[in-house]
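Engineer: Numbering (this note's numbering), first residue to last: -8 to 308.
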């Protein structure tokens, strides 16, 4: 006796609420496969510089004193006295002073230049006759020091070694089975202390650890504030394909099938459509069939739409 009024009420409420249903569009989403590997930061050995004077001499004053001391390009590392440089400067000074043959002046200048004497000393050899500066050619830090105040050094001997504090290698170890995955990858991301770094280039080293069966991928990065020896993470991504997706909130399961509600021709009209889907992530399903890209579907009130479809006989099965 009360069945008809109940159905009429249910139908009336559903019609009022249908106008407020949220909708979404069937869209394409890029499907990526990504894997993350442990890595470690290393000094970029191609940016390490040895300072080996082309003359012998004595350390008169030392500025680069402490291991790992920060140094800027152009900083004075040491002041030195070299009899060889002194004689070359004296020769060049005299050729300028007495107006000797131009070829002799040029030869004297070239001798100093080949000894790698700083430019300001070449311009005015008189002011710097007895002392020669050893300058830092890069920004970085003092990696090695083999002289002390008063030390004698032989020409060609490395007295300082500098490393860049801007350019680094990040080396990730990947299993042998993932080498092809790396070769087919679209992007590589390095991360240190939750900060993403721009990777300038990368390469697979031609060596596999025979004990661990791990290959090494070397990333070249330019960054301030990171430290050699730090641990890092490297994420490698491969773009598989573009797929159709729908939100998980846009489907309902009924009688062993999945349904979405496609927007009809008139406002507030929704048509149940059987869809085939596959789990993708915590927000989306991959759409296999049932809808096309660009179609608009309901994205809320699934149970209300289900009730409305039952009342109006919209299900085909």
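Quick reminder that beta carbons are idealized off the backbone N, C-alpha and C, glycines included.
Is residue 278 near residue 237, with beta carbons less than 8 Å apart?
Structural biologist: Contact flag set, yes.
Engineer: Are the beta-carbon atoms belonging to residue 155 and residue 50 less than 8 Å from one another?
Structural biologist: Taking 8 Å as the Cβ cut-off, residue 155 and residue 50 do not qualify as a contacting pair.
Engineer: Over the uninterrupted alpha helix (DSSP H) stretch that includes residue 297, give me the two end residues.
Structural biologist: Start and end: 293 to 302.
Engineer: Does DSSP put residue 263 in a helix, in a strand, or in coil?
Structural biologist: Here residue 263 sits in strand by DSSP.
Engineer: If you compare alpha carbons, which of 89, 132, 73, 164 is closest to residue 120?
Structural biologist: For residue 120, the nearest C-alpha among the options comes from 73.
Engineer: Does residue 94 pass the burial test, meaning 16 or more other C-beta atoms within 10 Å, or should it be called exposed?
Structural biologist: The residue in question, residue 94, is exposed, as its Cβ has fewer than 16 Cβ neighbours within 10 Å.
Engineer: Can you say whether residue 97 is buried or exposed, counting buried as having 16 or more other CB atoms within 10 angstroms of its CB?
Structural biologist: Exposed, since its Cβ has fewer than 16 Cβ neighbours within 10 Å.
Engineer: With distances taken from CA atoms, which of 13, 23, 11 is nearest residue 232?
Structural biologist: Looking at the Cα atoms, 23 is the closest of the given residues.
Engineer: Considering only C-alpha positions, which residue in the set 252, 248, 224, 256 is nearest to residue 268?
Structural biologist: Of 252, 248, 224, 256, the residue nearest in Cα terms is 248.
Engineer: Should residue 36 be labelled buried (16 or more other beta-carbon atoms within 10 Å of its own) or exposed?
Structural biologist: Exposed, because fewer than 16 other Cβ atoms sit within 10 Å of the Cβ of residue 36.
Engineer: Just confirm the distance between the C-beta atoms of residue 302 and residue 252, as a whole number of angstroms; I'd bet it's less than 8 Å.
Structural biologist: The Cβ separation is near 14 Å, so there is no contact.
Engineer: By how many angstroms is the C-alpha of residue 136 removed from the C-alpha of residue 199?
Structural biologist: Taking the straight line joining both Cα atoms gives about 34 Å.
Engineer: With distance defined between alpha-carbon atoms, name the residue in 212, 139, 276, 166 nearest to residue 58.
Structural biologist: Selected option, being the one with the closest Cα: 139.
Engineer: In whole angstroms, what separates the C-alpha of residue 203 from that of residue 160?
Structural biologist: If you take the alpha carbons of residue 203 and residue 160, they lie about 21 Å apart.
Engineer: Applying the criterion that 16 or more other CB atoms from any shown protein chain within 10 Å of the CB defines a buried residue, is residue 222 buried or exposed?
Structural biologist: Counting Cβ neighbours within 10 Å, residue 222 comes out exposed, since fewer than 16 surround it.
Engineer: Rounded to whole angstroms, what is the Cα-Cα separation between residue 14 and residue 263?
Structural biologist: Using only the alpha carbons, I get a separation of about 14 Å.
Engineer: Looking at the unbroken alpha helix (DSSP H) that takes in residue 111, where does it start and where does it end?
Structural biologist: Residue 111 -> alpha helix (DSSP H) spans 110 to 114.
Engineer: What residue range is occupied by the uninterrupted beta strand (DSSP E) comprising residue 229?
Structural biologist: 222 to 238 is the span of the beta strand (DSSP E), which, as asked, contains residue 229.
Engineer: Could you check if residue 29 is buried or exposed, using at least 16 other CB atoms within 10 Å of its CB as the buried criterion?
Structural biologist: With fewer than 16 other Cβ atoms within 10 Å, it is exposed.
Engineer: What is the rounded straight-line gap between the Cα of residue 144 and the Cα of residue 130?
Structural biologist: When rounded, the distance between both Cα atoms is 24 Å.
Engineer: Compare the C-alpha of residue 134 against each of 295, 239, 38, 77 and name the closest.
Structural biologist: Looking at the Cα atoms, 38 is the closest of the given residues.
Engineer: Buried or exposed: where does residue 197 fall if 16 or more other Cβ atoms within 10 Å of its Cβ makes it buried?
Structural biologist: Result: exposed.
Engineer: Under 8 Å Cβ to Cβ from residue 76, same chain only, skipping five residues before and after it: list those, please.
Structural biologist: Correct list, in chain order: 46, 48, 103, 106, 108, 123.
Engineer: How is the beta strand (DSSP E) around residue 279 delimited, first residue to last?
Structural biologist: Unbroken beta strand (DSSP E) run through residue 279: 275 to 280.
Engineer: Give me, in chain order, the residues of the same chain whose beta-carbon lies closer than 6 Å to that of residue 293; leave out the 5 immediate sequence neighbours on both sides.
Structural biologist: Same-chain partners within the cutoff: 243.
Engineer: With which residues is residue 100 paired in a DSSP beta bridge?
Structural biologist: According to DSSP, residue 100 bridges with nothing at all.
Engineer: Which same chain residues, not among the five before or five after residue 193, have their C-beta less than 8 Å away from its C-beta?
Structural biologist: So the list reads 179, 208, 209, 210, 211, once near-sequence residues are dropped.
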